[in-house]
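Only one structure is covered here, and it is reproduced in the block below.
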């Protein structure tokens with residue numbers, strides 16, 4: 001069941017009244033589906049003609065090479081959207097895959113009906129388009145953070161840059177990261193064992209403290 005009050009708190013529907021949100025969904029709604037952990041929502045080279053909204057759970061944007069090696073590009077949570085970048089392209093072909101990391105509920109909207117107003121040019125639809133552009137901008141910022149991390153020359157610098165970004169985004173030098181050690185290594189484009197050793201070395205050098213996913217920059 002779709003919770004309109006909850007949807008109204010999502011960035012895509014920011015400042016859109018509940019009654020107007022009903023009209024938006026009445027026009028653009030495709031489906032509401034539940035997925036298990038590890039399900040692929042879309043794969044590289046799939047055509048995407050929809051926008052997915054994470055209503056519960058989490059989704060990773062990943063890139064897999066020919067040999068099955070995985071790189072995590074983004075980790076997305078409840079309220080975030082995915083697929084919007086590729087439906088805005090000329091080919092509609094996804095350059096990445098999207099996979100769930102837990103039981104996840106997704107609402108799918110028709111891209112064309114979201115991004116194009118009808119003859120009435122309703123103010124709430126114009127706001128929806130503005131919100132979508134903001135979501136795309138926020139996604140680009142996160143991808144730029146990823147580039148900043150992996151562009152560092154040493155593994156220690158990559159880890160410190162990632163932790164510094166997390167501390168800044170969470171507003172505290174003590175924070176919880178969203179990745180397991182395997183996922184962290186996939187995000188950093190590094191070997192898991194090397195990441196584990198480097199984290200221990202950084203703790204020994206007095207740079208950080210950590211307990212599982214709770215980190216503190218000293």
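In the UniProt record's numbering, the protein residues as written are 1 to 218.
Glycine included, every Cβ here is placed at the ideal spot set by N, Cα and C.
Just so it is clear, the structure is predicted and the values come from calculations on it, not from any experiment.
Quick check on residue i: does DSSP put it in helix, strand or coil?
{"i": "residue 201", "result": "helix"}
{"i": "residue 227", "result": "Any property of residue 227 remains undetermined from this structure, which presents the chain solely from 1 to 218."}
{"i": "residue 52", "result": "strand"}
{"i": "residue 101", "result": "coil"}
{"i": "residue 80", "result": "coil"}
{"i": "residue 207", "result": "coil"}
{"i": "residue 159", "result": "helix"}
{"i": "residue 187", "result": "helix"}
{"i": "residue 2", "result": "coil"}
{"i": "residue 17", "result": "coil"}
{"i": "residue 8", "result": "coil"}
{"i": "residue 153", "result": "coil"}
{"i": "residue 86", "result": "helix"}
When the Cα of residue i is compared with those of the options, which residue comes out closest?
{"i": "residue 30", "options": "166, 148, 107 and 154", "result": "107"}
{"i": "residue 96", "options": "143, 133, 111 and 115", "result": "143"}
{"i": "residue 145", "options": "63, 135, 169 and 133", "result": "169"}
{"i": "residue 99", "options": "183, 136 and 193", "result": "183"}
{"i": "residue 180", "options": "83, 44 and 210", "result": "210"}
{"i": "residue 187", "options": "164, 165 and 150", "result": "150"}
{"i": "residue 190", "options": "154, 208, 134 and 28", "result": "154"}
For residue i, write down the residues that DSSP places opposite it in a beta bridge.
{"i": "residue 95", "result": "The partner list for residue 95 (beta bridge, DSSP) is empty, contrary to what the question assumes."}
{"i": "residue 47", "result": "93"}
{"i": "residue 62", "result": "72 and 97"}
Give the range of the alpha helix (DSSP H) segment to which residue i is assigned.
{"i": "residue 143", "result": "123-150"}
{"i": "residue 112", "result": "111-115"}
Go to residue i, then tell me how far its beta strand (DSSP E) extends in each direction, as first and last residue.
{"i": "residue 35", "result": "29-35"}
{"i": "residue 216", "result": "214-217"}
Three CB pairs or more closer than 8 Å across the segment 120-130 and the segment 9-25: The segment 120-130 makes contact with the segment 9-25, as at least three CB pairs between them are under 8 Å.
Do three or more CB pairs link the segment 52-64 to the segment 76-83 at distances below 8 Å? Result yes; three or more Cβ-Cβ pairs closer than 8 Å.
How do the segment 67-75 and the segment 31-40 stand: do at least 3 beta-carbon pairs fall below 8 Å, yes or no? Between the segment 67-75 and the segment 31-40 there are fewer than three C-beta pairs closer than 8 Å, too few to call the two in contact.
How do the segment 150-158 and the segment 192-201 stand: do at least 3 beta-carbon pairs fall below 8 Å, yes or no? Three or more beta-carbon pairs drawn from the segment 150-158 and the segment 192-201 are found closer than 8 Å, and the two stretches are therefore classed as touching.
Given 8 Å, three or more beta-carbon pairs between the segment 162-175 and the segment 203-218: Between the segment 162-175 and the segment 203-218 there are three or more inter-stretch CB-CB distances shorter than 8 Å, so the stretches are counted as touching.
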